[in-house]
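Novice: Positions in the sequence shown are counted from 1; adding 2 to them yields the numbering used here. Think of the CB as a built atom: it goes at the ideal place given N, C-alpha and C, for glycine as much as any other residue.
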Amino acid sequence: MTIAEKLRLASTSLFGLSIGDAFGETFFGNEDLITKRLIYKELKPGNWNVTDDTVMAIGIHNILAKEGKIDQQKLATEFARNYKLDDYRGYGGTAHTILRAIGEGEDWKTVSSCVFDGMGSMGNGAAMRAAPIGAYFHDDVETLVTQARLSAEVTHYNEEAIAGAIAVALAASIVIRQPALTAKEFFDFIIQHTPDSDTRSKIQKAATLPAHYDIRTIVSILGSGVKMLAQDTVPFALWCAAHHLDSFEDAIWTTVNGLGDRDTTCAIVGSIVVLSAGTEHIPQEWIDQTEDYRSTLFFNI
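1) Just to confirm my understanding: we take Ile-36, look at its own chain, exclude 5 residues before and 5 after, and list those with CB closer than 6 angstroms. What are they?
2) Indicate whether Tyr-138 and Leu-9 have their beta-carbon atoms separated by less than 8 angstroms.
3) Give the straight-line distance between the Cα atoms of Leu-77 and Ile-65, rounded to the nearest whole angstrom.
4) Would the beta-carbon of Thr-257 fall within 8 angstroms of that of Ala-232?
5) What residue from Glu-282, Asp-265, Leu-40, Gln-149 has the CA that sits closest to Gly-92's CA?
6) Confirm, please, whether the CB-CB distance from Val-271 to Ile-254 is below 8 angstroms.
7) Would you kindly work out how many angstroms separate the C-alpha atoms of Leu-247 and Ser-297, rounded to a whole number?
8) Starting from His-98, trace the alpha helix (DSSP H) both ways and give me its first and last residue.
9) Check for me: the alpha helix (DSSP H) holding Pro-134 runs from which residue to which?
10) Report yes or no: do the region 92 to 110 and the region 192 to 204 share at least 3 C-beta pairs separated by less than 8 angstroms?
11) Identify, in the order they occur along the chain, each residue of the same chain with its Cβ nearer than 7 angstroms to the Cβ of Val-156, setting aside the five sequence neighbours on each side.
12) Given Gln-149, which residues of its chain have a CB within under 6 angstroms of its CB, disregarding the five upstream and five downstream residues?
13) What span of residues does the alpha helix (DSSP H) with Val-221 cover, start to end?
14) Can you tell me where the alpha helix (DSSP H) with Asp-290 in it begins and where it stops?
15) Helix, strand or coil for Gly-227 per DSSP?
16) Just the C-alpha distance for Ala-244 and Leu-19, rounded to the nearest angstrom, thanks.
17) Kindly indicate the opening and closing residues of the alpha helix (DSSP H) around Pro-47.
18) Pick helix, strand or coil for Gly-272, following the three-state DSSP scheme.
19) Could you pull out every residue in the same chain whose Cβ sits closer than 8 angstroms to the Cβ of Lys-186, ignoring the five residues on either side in sequence?
20) Looking at Arg-131 and Ile-62, is the spacing between their C-beta atoms short of 8 angstroms?
21) At which residue ranges does the region 174 to 210 contain complete alpha helix (DSSP H) runs of 4 or more residues, listed in the order of the chain?
22) Go ahead and pull the three-state DSSP assignment for Gly-26.
23) If you draw a straight line from the alpha carbon of Ala-165 to that of Tyr-90, how long is it in whole angstroms?
24) When you compare each of Arg-39, Ile-168, Ser-153, Tyr-295 to Pro-197 by their alpha carbons, which one comes out closest?
25) Taking Asp-141 as part of the alpha helix (DSSP H), name the residues at either end of that continuous run.
26) Mark Ala-182 as exposed unless 16 or more other C-beta atoms lie within 10 angstroms of its C-beta, in which case mark it buried.
Shown next, in the form of structure tokens:
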């Protein structure tokens, strides 16, 4: 496969990610109103802006386009640059600290590895941006795992966050490698190559939960990103994706009904399912309302 073809797949993943991200972000607000909108599938009118999920994934895409691999120093610089362009995109508290420090010239590795008393962040921010890496390196699992790890470490040095990023990248990979795969095949591949971790254990649990379970039951078992950790975000997102690989719309509606960190869970699911269902199955209305990431200052290739 040519570099151009690999980058096209990464771009497709980023596109699905941006739609899911912007869609999910519109479902924060008054609880009663959100519940009503979910029941009747009412879209928020007007423009839907993307959040830090998309902005950081754009950074990944920019580096892949320029370097053909994850260069950690250049990725750190890219993240800090995009953060400085607009830091009101919903970044978490730790992300603010890390990206400001990198932007001020501090060593990314020192900053990333020192947060949380030297444990590093186990947040879901590394996973939310990882699918384009899986799309780009879909034909080489060993390289994919290495590259996903490198991408995570820049801001998330904890093994749980790294495992989450690897799992999401693997999910993007397998839906390209094996069209029309079953949920079991999807999970088996991810579990086989994800590092041993609590995140992996919860993905194993997700694999046992049937498609017909009520979303509230799924959330009670897996979480839905309320803690904004890899462990309570990635397993849920993978369950939502696994059972809706042929329908982007159904996948996203299912995911957002789980509430929680809904821009991030929808971003992850969108970044995976777009590679199996195809962009042609994304509702045009959603596309029209979503901020075009290619028109932002963050996108610079």
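Specialist: Reading it off the structure:
1) For Ile-36, where only same-chain residues beyond five positions count, the Cβ hits under 6 angstroms are Phe-29.
2) Note that the C-beta distance between Tyr-138 and Leu-9 is below 8 angstroms.
3) As the crow flies, the alpha-carbon of Leu-77 is around 6 angstroms from that of Ile-65.
4) Between Thr-257 and Ala-232, the gap from beta carbon to beta carbon reaches 8 angstroms or more.
5) Cα-wise, what sits closest to Gly-92 is Asp-265.
6) It is a contact, given that the beta carbons lie within the stated cut-off.
7) Computed Cα separation, rounded: 28 angstroms.
8) That run of the alpha helix (DSSP H) goes 95 to 105.
9) Unbroken alpha helix (DSSP H) run through Pro-134: 133 to 138.
10) The answer is no - the region 192 to 204 does not touch the region 92 to 110, with fewer than three Cβ pairs under 8 angstroms.
11) Taking Val-156 as the centre and dropping the five residues before and after it, the same chain places the C-beta of Gln-74, Leu-77, Ala-78, Phe-81, Trp-110, Ser-114 closer than 7 angstroms to its C-beta, in chain order.
12) So the qualifying residues of the chain are Ile-72, Ile-135, Phe-139.
13) Its alpha helix (DSSP H) spans residues 217 to 224.
14) Asp-290 -> alpha helix (DSSP H) spans 286 to 291.
15) Under the three-state reduction of DSSP output, Gly-227 falls in the coil class, being neither helix nor strand.
16) Taking the straight line joining both Cα atoms gives about 16 angstroms.
17) Run containing Pro-47: none; DSSP gives neither H nor E here.
18) Of the three classes helix, strand and coil, the one that applies to Gly-272 here is helix, per DSSP.
19) Around Lys-186: Ala-209.
20) Closer than 8 angstroms, so yes.
21) Runs found: 185 to 195, 200 to 209.
22) It is helical.
23) Distance from the CA of Ala-165 to the CA of Tyr-90, rounded to the nearest whole angstrom, comes to 28 angstroms.
24) Its Cα nearest to that of Pro-197, the residue Ile-168 stands out among Arg-39, Ile-168, Ser-153, Tyr-295.
25) Here Asp-141 belongs to no alpha helix (DSSP H), and DSSP marks it neither H nor E.
26) When all chains shown are included, Ala-182 counts as exposed.
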